[in-house]
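Heads up: the structure comes next, in structure tokens.
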Amino acid sequence: MARMTQIDPHTPRLLTCDVLYTGMGGAQSPGGVVVVGGTVAATGHPDALRAAYPHAREERAGPVIAPPPVNAHTHLDMSTYEFTALPYFRWIPEVVVPQREKRSAEAARHGADTLAGLGAGGVGDIVYMHAPDVMDTLLPREDLSGVLYSEVLGTFPEKADEIFRTVRERIEGWRAQERPGGPRVGLSPHTPHTVSHRLMRLLCDYAAGEGIPLQIHVAEHPAEHDLYTRGGGPIWENRLAPFYPETFADVIGRAPEEGLTPVRYLDELGVLNAKPTLIHMVNVTPDDIARVARAGSAVVTCPRSNHHLECGVFPWAAFAAAGVEVALGTDSVASGGSLDVREDVTFAQQVHAGLDPRVIVRAAVKGGHRVLGTRAPFIRRGEAWDDRYRW
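Here's what the structure looks like:
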């Protein structure tokens with residue numbers, strides 16, 4: 001009977017990939033990692049590693065070797081929604097609102113379990129305003145790191161002080177439960193058109209003063225242009241009227257005008273002084289990008305969600321040229337299709353075919369960690385090898 005050949009576990013393995021990102025500096029392509037006995041021995045170009053380790057067993061690790069990617073923007077409490085592709089201005093009233101009873105702690109727990117199973121490097125999660133028990137469920141989890149952003153909505157300026165008092169009380173209670181290495185508590189004024197000008201200022205001034213992370217959905221769909229330039233259009237026509245004042249001017253505290261954009265509005269309101277992370281940012285002008293760069297804000301793009309909601313294509317190259325930090329997120333299961341941000345990396349490589357794929361991989365790791373204020377593990381000599389580094 002033939003004898004089985006035993007492979008010495010200390011025999012070097014050379015794992016190769018199309019893109020290698022070690023968590024330091026820039027990514028490289030192609031790349032490789034030599035692993036000996038479960039420990040990283042070397043990283044670099046495959047040719048150099050073959051020369052240095054001629055007896056290494058070579059195997060392809062996959063398209064990417066990198067620390068686990070960060071899902072920098074999602075809505076875990078929507079994890080039991082069904083995926084639905086619709087224009088953004090219809091998706092909110094036809095998908096999100098009718099199923100809002102599904103936004104629950106149990107749904108968030110399911111989403112968090114999914115992320116843990118995917119080995120996500122961190123999460124930026126938006127916690128639904130009307131389901132505060134979601135925060136109570138996620139905050140103690142030891143398998144989550146990142147930021148849990150408490151969502152705030154409120155379009156009536158006269159109700160801003162009352163809403164703010166309630167929000168601040170909740171935030172202070174939750175922050176007392178933060179622990180080293182666990183999720184931090186953040187704030188998410190939903191959008192410039194679902195949060196009144198007064199409430200937006202109260203929230204962002206408070207966050208800046210207390211060092212609380214911020215995320216705001218901004219410039220997601222082209223229809224936002226109609227809101228800020230003329231106070232109408234599909235978003236305003238599809239709004240749930242009882243939850244809005246008489247005119248859009250009442251929400252933003254100024255008259256819509258030609259050339260006004262959501263980014264310019266936030267900047268002139270003083271909100272960008274708080275350096276919020278801006279989500280989506282698909283429909284922006286060169287002036288918008290310049291304002292974001294001057295403010296030092298980061299941006300999270302959700303490629304699949306943007307496609308499914310007919311938002312357009314994120315101008316990644318323009319943001320990169322301006323020096324703006326970019327991260328990736330899935331958005332909700334309902335709009336993105338899954339919580340696996342690696343699928344957004346793949347989709348982004350297709351949509352942004354002219355962009356170096358190394359930039360996209362780095363954004364999914366380093367960009368995400370910078371947005372969340374966390375640290376990526378390094379793939380370097382002497383560190384333990386983790387199979388989660390194979391994408």
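With the UniProt record's numbering, the residue at position 22 of the sequence shown is 22, and numbering never jumps.
In this text, a Cβ means the ideal position worked out from N, Cα and C, and glycines have one as well.
Would residue 403 be called buried (16 or more neighbouring beta carbons within 10 Å of its own) or exposed?
Limits of the chain in this structure are 1 at one end and 391 at the other, which puts residue 403 out of reach.
Could you tell me the boundaries of the alpha helix (DSSP H) in which residue 307 lies?
Run containing residue 307: 303-308, per the alpha helix (DSSP H) assignment.
Are residue 333 and residue 80 closer than 9 angstroms when you measure CB to CB?
In this structure, residue 333 lies near residue 80, with their beta-carbon atoms less than 9 angstroms apart.
Reduced DSSP secondary structure (H/G/I, E/B, other) of residue 335
Of the three classes helix, strand and coil, the one that applies to residue 335 here is helix, per DSSP.
How would you call residue 303, buried or exposed, if buried means at least 16 neighbouring beta carbons within 10 angstroms?
Residue environment for residue 303: buried (at least 16 other C-beta atoms within 10 angstroms of its C-beta).
May I ask you to check if the CB of residue 245 is nearer than 8 angstroms to at least one heavy atom of the ligand ADP?
Absence of the ligand ADP is noted for the structure shown, with no ligands found whatsoever.
Assuming residue 331 contacts residue 74 under a Cβ cut-off of 8 angstroms, what Cβ separation, rounded to an integer in Å, is found between them?
Indeed they touch by this definition, with Cβ atoms about 6 angstroms apart.
Since I believe residue 283 is in contact with residue 312 (beta carbons under 8 angstroms), could you give me their beta-carbon distance rounded to a whole number of angstroms?
Residue 312 to residue 283, Cβ: 6 angstroms. Contact.
C-beta contact flag for residue 365 and residue 66 at 9 angstroms
Yes. Within cutoff.
Excluding the 5 residues flanking residue 221 on each side, which residues of the same chain have their C-beta closer than 6 angstroms to its C-beta?
By the criterion of a C-beta distance shorter than 6 angstroms, residue 221 is surrounded in its chain by 88 and 311, once the five residues flanking it on both sides are discounted.
Would you check if the distance between the CB atom of residue 27 and the CB atom of residue 68 is smaller than 9 angstroms?
No, the Cβ-Cβ distance between residue 27 and residue 68 is not below 9 angstroms.
From the DSSP output, in three-state form, read off residue 206 for me.
If DSSP states are grouped into helix, strand and coil, residue 206 belongs with the helices.
Would residue 76 be called buried (16 or more neighbouring beta carbons within 10 Å of its own) or exposed?
Under this definition residue 76 is a buried residue.
Cut-off 6 angstroms between Cβ atoms - residues of its own chain near residue 305, not counting five sequence neighbours on either side:
331, 335 and 336, listed in sequence order.
Quick one: grab the DSSP three-state call for residue 349.
In this structure, residue 349 counts as helix in the three-state DSSP scheme.
Other residues of its chain near residue 260: CB distance less than 7 angstroms, five sequence neighbours each side excluded:
Beyond the five residues adjoining it in sequence on each side, residue 260 comes within less than 7 angstroms, by CB distance, of 228 and 229 in the same chain, given in chain order.
Between residue 370 and residue 293, is the Cβ-Cβ spacing less than 9 angstroms?
No, the pair does not count as a contact, with Cβ atoms beyond the cut-off.
Residue of 17, 97, 277 and 301 minimising C-alpha distance to residue 60
Answer by Cα proximity: 17.
Exposed or buried, residue 357, counting other C-beta atoms within 10 Å across all chains shown (16 or more means buried)?
Burial call: buried.
Rounded to whole angstroms, how far is the Cβ of residue 199 from the Cβ of residue 233, which I believe are closer than 8 angstroms?
22 angstroms between Cβ atoms; not a contact.
By a C-beta neighbour count over all protein chains shown, 10 Å radius and 16 as the cutoff for buried, is residue 177 buried or exposed?
Exposed, since its Cβ has fewer than 16 Cβ neighbours within 10 Å.
Would residue 118 and residue 183 be called neighbours here (beta carbons separated by less than 9 angstroms)?
Note that the C-beta distance between residue 118 and residue 183 is not below 9 angstroms.
Cβ-Cβ distance between residue 201 and residue 271 below 9 angstroms:
Result yes, Cβ atoms of residue 201 and residue 271 sit closer than 9 angstroms.
Count the C-beta pairs between the stretch 370-382 and the stretch 46-55 that are closer than 8 angstroms, then say yes if the count reaches three, no if not.
Counting Cβ pairs under 8 angstroms, fewer than three are found: no touch.
Could you give the first and the last residue of the continuous alpha helix (DSSP H) run that contains residue 10?
For residue 10, there is no enclosing alpha helix (DSSP H), as DSSP marks it with neither H nor E.
Using only the alpha-carbon positions, how far apart do residue 368 and residue 56 sit?
Whole-angstrom Cα-Cα distance: 33 angstroms.
Quick one: is residue 344 buried, meaning 16 or more other Cβ sit within 10 Å of its Cβ, or exposed?
Counting of Cβ neighbours within 10 angstroms places residue 344 among the buried residues, the total reaching 16 or more.
Do residue 385 and residue 19 have their C-beta atoms closer together than 9 angstroms?
No.
Determine the direct distance from the alpha carbon of residue 289 to that of residue 324, and round the result to whole angstroms.
For residue 324 and residue 289, the distance between alpha carbons rounds to 8 angstroms.
Can you tell me which residues form a DSSP beta bridge with residue 39?
The partner list for residue 39 (beta bridge, DSSP) reads 36 and 384.
Would residue 300 pass as a contact of residue 266 if the rule is Cβ separation under 9 angstroms?
Not closer than 9 angstroms, so no.
What's the call for residue 95, buried or exposed, on a 16-neighbour Cβ count within 10 Å?
Under this definition residue 95 is a buried residue.
Could you give the first and the last residue of the continuous alpha helix (DSSP H) run that contains residue 57?
Element bounds for residue 57: not the alpha helix (DSSP H) but the beta strand (DSSP E), 57-65.
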